[in-house]
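Counting in UniProt numbering, the sequence shown runs from 1 upward without gaps.
A virtual CB, placed ideally from N, CA and C, is assigned to each residue, including glycine.
Every value quoted in this text rests on a predicted model; they were computed, and no experiment measured them.
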Amino acid sequence: MTHAHQLAAEGVTLAYGDRTVVEQLDLALAPGRITVIVGANGCGKSTLLRALARLLPPKAGRVMLDGTSLQHQPSRQIARTLGLLPQRPVAPEGIAVSDLVGRGRHPHQRMLARWSPQDYEAVAEALAVTGITDLADRSVDELSGGQQQRVWIAMALAQETDILLLDEPTTFLDVAHQIEVLDLLTDLNRDRGTTIVMVLHDLNLAARYADELVAVLNGRVHAIGSPEEVITEVLVKEVFGLDSRVIGDPLTGKPLVLPSGRHHVRAGA
Ligand SMILES: Nc1ncnc2c1ncn2[C@@H]1O[C@H](COP(=O)(O)OP(=O)(O)OP(=O)(O)O)[C@@H](O)[C@H]1O
Ligand SMILES: [Mg+2]
Numbered sequence: 001m002t003h004a005h006q007l008a009a010e011g012v013t014l015a016y017g018d019r020t021v022v023e024q025l026d027l028a029l030a031p032g033r034i035t036v037i038v039g040a041n042g043c044g045k046s047t048l049l050r051a052l053a054r055l056l057p058p059k060a061g062r063v064m065l066d067g068t069s070l071q072h073q074p075s076r077q078i079a080r081t082l083g084l085l086p087q088r089p090v091a092p093e094g095i096a097v098s099d100l101v102g103r104g105r106h107p108h109q110r111m112l113a114r115w116s117p118q119d120y121e122a123v124a125e126a127l128a129v130t131g132i133t134d135l136a137d138r139s140v141d142e143l144s145g146g147q148q149q150r151v152w153i154a155m156a157l158a159q160e161t162d163i164l165l166l167d168e169p170t171t172f173l174d175v176a177h178q179i180e181v182l183d184l185l186t187d188l189n190r191d192r193g194t195t196i197v198m199v200l201h202d203l204n205l206a207a208r209y210a211d212e213l214v215a216v217l218n219g220r221v222h223a224i225g226s227p228e229e230v231i232t233e234v235l236v237k238e239v240f241g242l243d244s245r246v247i248g249d250p251l252t253g254k255p256l257v258l259p260s261g262r263h264h265v266r267a268g269a
């Protein structure tokens, strides 16, 4: 198990120019646990994740890593502790898969130093667990959306940080690969104690994989707690404006959201 680092937003206000997206938000992320953030499009999830990774400086408040503001810590040290998979990462043109995944090792390498055996091992393992070893020499540009997404996940894994922030890691993935990636992140969490913080849109997968669920509404934490506490018909209506039924998932016992919609509902249901 790794040492569990503490990441927390304290009174954080985030804005783009004059437009405030997140206001005075407090959120302590549970070390060594899996936290899933859910919320409607545009409510500020990606903005929050970027701030937690120091890519967006807060207008007010601060993000604390182990009791010190991120703004006062060296970038390299932060990059060794904390990795971010953005919602729409951009690959350098023409870069090969193994080179992109290898960039995850930069925080561990000294200037001009050669690649260490640990670097090669970390990249090979990241390629293997994401099932893309066969794609190692291909150009990232040429891959399908789901293949590219797995390359980005491999890069985040190769960084071997104690905290992983992932913005919709399952986008573009087919259903089997979604489960595989979420299982993989769960393995990382259980085996290495990696703190996982991710945004997911699928409420049922969120309920299944989260230890702690955070529902965001208009840039504020609307609800936080276990999936059972957070995922209710009332919350789904408040946060998404959606009528639904919430039942017990027959496989896991976790909440399972059945959206109503205007069609396809049996009379009397
Ligand atoms: N670079 C930017 N410049 C200006 N406004 C931005 C920028 N990025 C996001 N916003 C605005 O901030 C708000 C929150 O955006 P954000 O990307 O955090 O939402 P989100 O919750 O991640 O949504 P989604 O589920 O669609 O990914 C939106 O109103 C968006 O238009
Ligand atoms: Mg987003």
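Please state whether DSSP places Thr-2 in a helix, a strand or coil. In the sequence shown, residue 2 corresponds to position 2, counting from 1. Residue placement at Thr-2 cannot be trusted, given a pLDDT of 47 that sits under 50; the coordinates are not used to answer.
Leu-133 to Lys-59 span [Cα, whole Å]: For the purposes of this step, residue 133 is taken as residue 133 along the sequence shown, with counting starting at 1. For the purposes of this step, residue 59 is taken as residue 59 along the sequence shown, with counting starting at 1. The residue you asked about is not Leu; residue 133 is Thr in the sequence shown. The alpha-carbon atoms of Thr-133 and Lys-59 are separated by roughly 42 Å.
Residues sharing a beta bridge with residue 273, DSSP: Outside the modelled stretch of the chain, which goes from 1 to 269, sits residue 273, for which no answer is possible.
Report yes if the C-beta of Glu-139 is less than 8 Å from at least one heavy atom of ligand 2; otherwise report no. Within the sequence shown, the letter at position 139 stands for residue 139. Residue identity differs from the one stated: residue 139 is Ser in this sequence, not Glu. No; taking the cut-off as 8 Å, the Cβ of Ser-139 has no heavy atom of ligand 2 nearer than that.
Please give me, in chain order, every unbroken run of the alpha helix (DSSP H) with length at least 4 that falls completely inside the stretch 98-162. 117-129 and 145-158
Short of 7 Å in beta carbon distance, which residues of its chain neighbour Gln-149, apart from the five on each side in sequence? Order them along the chain. What you label residue 149 is simply residue 149 of the sequence shown in a count that begins at 1. Here the set comprises Thr-171, Phe-172 and Leu-173.
Give a single yes or no on whether Gly-42 has its beta carbon closer than 8 Å to a heavy atom of ligand 1. The residue labelled residue 42 in the question sits at position 42 within the sequence shown. Yes, the beta carbon of Gly-42 sits closer than 8 Å to at least one heavy atom of ligand 1.
Which term fits Arg-105, buried or exposed, when burial requires 16 or more other beta carbons within 10 angstroms of its beta carbon? Walking along the sequence shown from the start, residue 105 turns up at place 105. Looking at its Cβ environment, which holds 16 or more other Cβ atoms inside 10 Å, Arg-105 is buried.
Using only the heavy atoms of ligand 4, determine whether one of them is closer than 8 Å to the beta carbon of Ser-69. By its list of ligands, the structure shown excludes ligand 4, since it contains just ligand 1 and ligand 2.
From Leu-135 to Arg-114, what distance separates their C-alpha atoms? Mapped onto the sequence shown, residue 135 falls at position 135. Mapped onto the sequence shown, residue 114 falls at position 114. Taking the straight line joining both Cα atoms gives about 24 Å.
Check whether the stretch 26-42 and the stretch 4-13 are in contact - that is, three or more C-beta pairs closer than 8 Å. yes
To the nearest angstrom, how far is it from the Cα of Thr-2 to the Cα of Ile-163? As a first step, residue 2 is located in the sequence shown; it is residue number 2 there, counting from the start. As a first step, residue 163 is located in the sequence shown; it is residue number 163 there, counting from the start. With a pLDDT of 47 at Thr-2, under the threshold of 50, the modelled position of this residue cannot be trusted; read the value that follows with caution. Each residue's Cα considered, the two are about 10 Å apart.
On the DSSP bridge list, what partners appear for Ala-28? Within the sequence shown, numbered from 1, the residue matching residue 28 stands at position 28. Ala-28 pairs with Ala-8.
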